[in-house]
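According to this note's numbering, the sequence shown holds residues 14 to 387 in order.
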Amino acid sequence: MHATMAPSSEQHTTQALELATQALCLSHPNPRVGCVITSPDGQVLGQGFTQQAGGPHAEVMALRDAAARGNKVQGATAYVTLEPCSHQGRTGPCCEALIGAGIGKVVASLADPNPLVSGQGFARLRAAGVEVVVGPGAKESRELNIGFFSRMVRGTPWVRIKTAASLDGTTALANGQSQWITSPAARADGHAWRSRACAVLTGIGTVLDDDPRLDVREVATPRQPHLVIVDSQLQTPLEARLFSVPGRTCLIYTASDDAAKKAALEGRGATVIRLPNPQGKVDLGAMLKDLGQRSVNELHVEAGHKLNGSFLREGLADEMLLYLAPRLLGPGLGMAQTAPLQALADGTALDYVSVDRIGPDLRIVARVLGRDSF
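Quick look at the structure:
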């Protein structure tokens with residue numbers, strides 16, 4: 014008879030990361046964090062992940078789970094995917110909860126980039142005599158929270174441009190027809206990516222041409238992301254379907270100073286923000302800074318080729334989420350409208366993060382080189 018081997022430290026970190034993914038569409042604007050509490054012999058005493066904003070963080074959920082199981086955690090080890098917070102926000106400091114429970118060791122994936130934490134949680138734990146180990150699962154945790162890190166370090170959200178196209182790069186026919194190039198499976202997957210974002214952005218051209226709702230419908234979601242509209246001249250129709258989604262925050266960025274149009278749109282529940290650039294368009298860089306101040310971590314762009322081109326041309330796009338259908342459509346609208354290049358080296362260099370089959374289509378996640386070096 015062979016003795017059962019106790020789970021390893023690496024397995025507990027992996028388990029904590031898997032728990033963190035359960036907060037993917039839930040914890041906005043807080044980071045996605047998982048926590049596993051184990052006994053000295055490696056048995057799981059409690060586990061949890063961060064809840065909706067204002068709710069318990071992962072560490073508190075794990076402590077509550079241990080208590081509900083009747084497990085004592087004195088001298089136990091807590092595996093957590095981000096530094097336990099040390100400040101009083103909508104919830105109390107997690108480091109104090111761990112100390113108060115008698116946790117003997119904390120294994121954390123990486124430090125919290127939030128200036129209100131940023132090593133202070135680790136310092137508080139060590140001062141209380143808790144052993145602290147940092148590093149296991151760091152890459153995976155940062156990737157899971159790339160938007161949170163972007164907002165905390167750069168002050169702006171992580172900008173992901175989603176587009177669906179034929180294999181030869183056509184997103185719509187010359188007559189504007191675009192529904193549907195990709196399969197129902199790809200569209201449902203696209204909704205899952207919408208759901209994980211803090212906000213979904215589109216341009217006035219898409220609003221006028223397609224009258225979309227731009228909500229999450231194809232997958233279950235605990236919340237609807239904010240909607241952001243780039244509308245330089247405040248042309249958003251008051252009867253647009255986007256206003257039919259109950260309880261959703263709608264932000265309209267404009268260059269217009271038309272007070273009557275602004276009042277009418279705000280009467281429909283939108284917040285109108287004027288951020289003009291010298292060309293009479295919306296200043297996209299200023300808009301991203303404003304969204305960062307509004308606690309937007311991940312910005313999911315579903316726009317036309319003109320606005321996509323503007324994000325790329327101005328160096329504001331971080332990542333491309335591309336769905337490619339196995340068909341050729343010939344001339345039509347492309348993914349992004351940019352000026353002709355004079356040299357191949359002037360193109361936007363990307364790195365493939367993943368390439369997957371979604372139904373009959375391909376899903377490619379490609380990151381602009383260097384954009385994740387913050």
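Backbone N, C-alpha and C define an ideal beta-carbon position, used for all residues, glycine too.
Exercise. Does any residue of chain D bring its CB to less than 9 Å from the CB of Ala177?
Worked result: In the structure shown, chain D does not exist; there is a single protein chain.
For this session: Label Val166 either buried or exposed according to how many other C-beta atoms from any shown protein chain fall within 10 Å of its C-beta, with 16 as the threshold for buried.
Result: The residue labelled residue 166 in the question sits at position 153 within the sequence shown. Looking at its Cβ environment, which holds fewer than 16 other Cβ atoms inside 10 Å, Val166 is exposed.
For this session: Classify Lys118 as helix, strand or coil using the three-state DSSP reduction.
Result: Numbered from 1 along the sequence shown, position 105 holds the residue referred to as residue 118. Of the three classes helix, strand and coil, the one that applies to Lys118 here is strand, per DSSP.
Exercise. Which residue spans inside the region 230 to 308 form an unbroken alpha helix (DSSP H) run of at least 4?
Worked result: 272 to 280, 297 to 306
For this session: Tell me, please, which residues DSSP counts as bridged to Asp364.
Result: Residue numbering aside, residue 364 sits at position 351 when the sequence shown is read from its first letter. Partner(s): Arg380.
Exercise. Three or more C-beta pairs closer than 8 Å, one from the region 62 to 80 and one from the region 40 to 51: is that the case here?
Worked result: yes
Exercise. From Val145, Glu327, Val229, pick the residue whose C-alpha is nearest to that of Val93; which is it?
Worked result: Within the sequence shown, the letter at position 80 stands for residue 93. Nearest option by C-alpha distance: Val145.
Problem set entry | Contact set for Leu30: own chain, Cβ-Cβ below 8 Å, skip 5 residues either direction | Against the sequence shown, residue 30 aligns to sequence position 17. Excluding residues within five positions, the ones whose Cβ falls inside 8 Å are Gly47, Thr94, Ser122, Gly150, Glu153, Ser154, Leu157.
Exercise. When DSSP labels each residue in this structure, what does Gln60 get in the three-state scheme?
Worked result: Reading the sequence shown from its first residue, position 47 is the one you call residue 60. Gln60: strand per DSSP, three-state reduction.
Problem set entry | Alpha-carbon spacing of Glu96 relative to Phe135, whole angstroms | Here residue 96 is taken as the residue at index 83 of the sequence shown, counted from 1. Here residue 135 is taken as the residue at index 122 of the sequence shown, counted from 1. Near 7 Å, if we compare the C-alpha coordinates of Phe135 and Glu96.
Problem set entry | Stretch-stretch touch, CB-based, cutoff 8 Å, three pairs: the region 349 to 368 with the region 189 to 203 | no
For this session: With a cut-off of 8 Å on the beta carbons, I'd call Asp125 and Cys98 a contact; round off their distance for me.
Result: The sequence position of residue 125 within the sequence shown is 112, counting from 1. The sequence position of residue 98 within the sequence shown is 85, counting from 1. 7 Å between Cβ atoms; contact.
Problem set entry | Helix, strand or coil at Val86 according to DSSP, with G and I counted as helix | For the purposes of this step, residue 86 is taken as the residue at position 73 of the sequence shown. In the displayed model, Val86 falls within coil according to three-state DSSP, outside both helix and strand.
Exercise. Buried or exposed: which applies to Glu311, given that a residue is buried once 16 or more other Cβ atoms fall within 10 Å of its Cβ?
Worked result: Taking the sequence shown and counting its residues from 1, the one referred to as residue 311 is at position 298. So Glu311 ends up on the buried side.
For this session: Let me know the secondary structure DSSP gives Ile217 once reduced to three states.
Result: Position 204 of the sequence shown, counted from the start, is the residue given in the question as residue 217. Note: Ile217 maps to helix in three-state DSSP.
For this session: Could you name the residues that DSSP lists as bridge partners for Ala177?
Result: Start at 1 with the first residue of the sequence shown, and residue 177 comes out as number 164. Per DSSP, Tyr336.
Exercise. Going straight from the alpha carbon of Pro69 to that of Ala75, what length do you get?
Worked result: One-based indexing of the sequence shown puts residue 69 at position 56. One-based indexing of the sequence shown puts residue 75 at position 62. Distance between the alpha carbons of Pro69 and Ala75: 10 Å.
Exercise. Based on Cα-Cα distance, which residue from Lys275, Ala338, Gly83 lies nearest to Val57?
Worked result: Taking the sequence shown and counting its residues from 1, the one referred to as residue 57 is at position 44. Of the candidates Lys275, Ala338, Gly83, the one whose C-alpha sits nearest the C-alpha of Val57 is Gly83.
Problem set entry | Host alpha helix (DSSP H) of His318 (start-end) | Taking the sequence shown and counting its residues from 1, one reaches residue 318 at position 305. Its alpha helix (DSSP H) spans residues 318 to 326.
For this session: For Glu144, write down the residues that DSSP places opposite it in a beta bridge.
Result: Residue numbering aside, residue 144 sits at position 131 when the sequence shown is read from its first letter. For Glu144, which the question treats as bridged, DSSP gives the partners Lys118.
Exercise. From Ala212 to His239, what distance separates their C-alpha atoms?
Worked result: Within the sequence shown, the letter at position 199 stands for residue 212. Within the sequence shown, the letter at position 226 stands for residue 239. Computed Cα separation, rounded: 4 Å.
For this session: In angstroms with no decimal places, state the Cα-to-Cα distance between His318 and Ile242.
Result: Against the sequence shown, residue 318 aligns to sequence position 305. Against the sequence shown, residue 242 aligns to sequence position 229. Straight through space, the alpha carbons of Ile242 and His318 are spaced by roughly 15 Å.
For this session: Taking Leu329 and Val172 to be in contact with their CB atoms under 8 Å, please state how far apart those CB atoms are, rounded to whole angstroms.
Result: For the purposes of this step, residue 329 is taken as residue 316 along the sequence shown, with counting starting at 1. For the purposes of this step, residue 172 is taken as residue 159 along the sequence shown, with counting starting at 1. Confirmed, about 6 Å.
Problem set entry | With 16 other Cβ atoms within 10 Å as the buried cut-off, status of Leu341 | The residue labelled residue 341 in the question sits at position 328 within the sequence shown. Exposed, since its Cβ has fewer than 16 Cβ neighbours within 10 Å.
Exercise. Under a three-way DSSP split, which group does Trp206 fall into?
Worked result: Taking the sequence shown and counting its residues from 1, the one referred to as residue 206 is at position 193. Note: Trp206 maps to helix in three-state DSSP.
Exercise. Comparing alpha-carbon positions, which option in Ser208, Ala187, Thr351 lies nearest Ala233?
Worked result: By one-based count along the sequence shown, residue 233 stands at place 220. Out of Ser208, Ala187, Thr351, Ser208 has the C-alpha closest to the C-alpha of Ala233.
Exercise. Does DSSP classify Arg45 as helix, strand or coil?
Worked result: As a working mapping, residue 45 is identified with position 32 in the sequence shown. Coil, per DSSP.
Exercise. Near Asp224, which residues of its chain fall below 7 Å by C-beta distance, leaving aside the five closest residues on each side in sequence?
Worked result: Numbered from 1 along the sequence shown, position 211 holds the residue referred to as residue 224. Ala253, Arg254, listed in sequence order.
Exercise. By how many angstroms is the C-alpha of Thr351 removed from the C-alpha of Leu32?
Worked result: Mapped onto the sequence shown, residue 32 falls at position 19. Mapped onto the sequence shown, residue 351 falls at position 338. Cα to Cα, Leu32 sits roughly 41 Å from Thr351.
Problem set entry | Of the residues Phe324, Ile371, Arg137, Leu357, the one placed nearest Ala349, counting alpha carbons only | On the sequence shown, residue 349 is found 336 positions in, with the first residue counted as 1. For Ala349, the nearest C-alpha among the options comes from Phe324.
Problem set entry | Under 9 Å between C-beta atoms of Ala283 and Glu332 | For the purposes of this step, residue 283 is taken as the residue at position 270 of the sequence shown. For the purposes of this step, residue 332 is taken as the residue at position 319 of the sequence shown. In this structure, Ala283 lies away from Glu332, with their beta-carbon atoms at least 9 Å apart.
Exercise. With C-beta atoms as the reference, is Tyr336 less than 9 Å away from Lys85?
Worked result: Numbered from its first residue, the sequence shown carries residue 336 at position 323. Numbered from its first residue, the sequence shown carries residue 85 at position 72. No, they are not a contact pair.
For this session: Name the one or two DSSP bridge partners that Glu311 has.
Result: Taking the sequence shown and counting its residues from 1, the one referred to as residue 311 is at position 298. The partner list for Glu311 (beta bridge, DSSP) reads Trp171.
Exercise. So, helix, strand or coil for Ile159, using DSSP?
Worked result: Position 146 of the sequence shown, counting from 1, holds the residue named residue 159. Correct three-state label for Ile159: helix.
Exercise. When the Cα of Pro128 is compared with those of Gly280, Val120, Arg164, which residue comes out closest?
Worked result: For the purposes of this step, residue 128 is taken as residue 115 along the sequence shown, with counting starting at 1. The shortest C-alpha separation from Pro128 is found at Arg164.
Problem set entry | Residues of its chain near Thr183, where Cβ-Cβ distance is below 6 Å and the 5 sequence neighbours each way are ignored | Against the sequence shown, residue 183 aligns to sequence position 170. Correct list, in chain order: Leu342, Gly345.
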